[in-house]
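Here's the structure we're looking at; comments come further down.
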Amino acid sequence: MNIGVISNRYAKALYQYAAEGQCEKQVYREMMTLADSYLQVPALRKALDNPLLSVAEKTDLLCNACGGKVSPQTKRFFMLVLTEHREKFMQFMAVAYIDLYRKKHNILIGRLITAIPVSKEIEDRMRAMIVKGTQATVEFETQVEPSIEGGFILDVDFNRLDASVATQFKRVHRQFMEKNRRIV
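The sequence shown: position 130 = 303 (the working numbering), numbered continuously.
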């Protein structure tokens, strides 16, 4: 069976179960922490794949990867996944739950990349601009990338506004090169 199909089915089931317990936001935070743990600790996947560990030990391991104390819904979900031997899909289930939660709650991901650190005021203005234009909640992060040399790059969901100096230089360089080719 396809990884995406399995992950999405389990994520939908977890969302419905969390919604019944009115704790979908807490489960969302736990899945965010779990997904981040998979990225930060690659050995987590190997530990979960270890057949010598019991379901209880793997459940404790997943709970610790979620930050320690987890909701009863999350713990029960972990036990279900582990008893069904689907632990190798756990990272994908966490990401699928995060995506599902964001769709259901109209949450967009925004990222502002600048050459130098920006003030909180500028960050808040950019966030407000996105919220006004999309009528959605925005999870916003800033990133400093000196290689863009100036300006900014704004990513919102899968849209990008690139107003960086580096990109403008590349565009001008490309135009000059095209004109020079025509002359020669």
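Ideal Cβ placement from N, Cα and C applies to all residues, glycine included.
Here the structure is a predicted model, which is why all the values come from computation and not from measurement.
Check: Residue range of the alpha helix (DSSP H) that Asp335 falls in?; Outcome: Here Asp335 belongs to no alpha helix (DSSP H); instead the beta strand (DSSP E) covers 332-337.
Check: If you draw a straight line from the C-alpha of Tyr211 to the C-alpha of Lys231, how long is it?; Outcome: 14 Å
Check: Applying the 10 Å Cβ sphere with the 16-neighbour rule, what's the burial state of Val329?; Outcome: buried
Check: Tell me the DSSP secondary structure of Gln213 in three-state form.; Outcome: helix
Check: Tell me which residues share the same chain as Phe325 and place their Cβ nearer than 7 Å to its Cβ, disregarding the 5 neighbours each side in the sequence.; Outcome: Leu285, Ile286, Thr287, Ala336, Ser337
Check: Going straight from the alpha carbon of Gln195 to that of Ser244, what length do you get?; Outcome: 11 Å
Check: For a test of the three-state rule: what should DSSP assign to Ile358, helix, strand or coil?; Outcome: In the structure as shown, the chain begins at 174 and stops at 357. Residue 358 is therefore absent and cannot be evaluated.
Check: Mind checking Thr247: buried by the 16 CB within 10 Å criterion, or exposed?; Outcome: buried
Check: Tell me which residue opens and which closes the beta strand (DSSP E) that Phe325 is part of.; Outcome: 324-329
Check: What are the start and end residues of the alpha helix (DSSP H) that includes Ser178?; Outcome: Per the sequence shown, the amino acid found at residue 178 is Val instead of Ser. Val178 -> alpha helix (DSSP H) spans 176-193.
Check: Within 7 Å: the Cβ of Val243 and any heavy atom of the ligand NAD?; Outcome: What this structure holds is no ligand at all, so the ligand NAD is not there to describe.
Check: My guess is that Ile280 and Thr310 are in contact by the Cβ rule of under 8 Å, so how many angstroms apart are they, rounded?; Outcome: 5 Å
Check: On the CB-based measure, 16 or more other CB atoms within 10 Å of its CB, does Gly283 come out buried or exposed?; Outcome: buried
Check: Looking at the structure shown, is Leu207 part of a helix, part of a strand, or coil, going by DSSP?; Outcome: helix
Check: How is Glu314 classed by DSSP in three states: helix, strand or coil?; Outcome: strand
Check: May I ask you to verify whether the segment 253-269 touches the segment 176-196, counting CB pairs closer than 8 Å and requiring at least 3?; Outcome: yes
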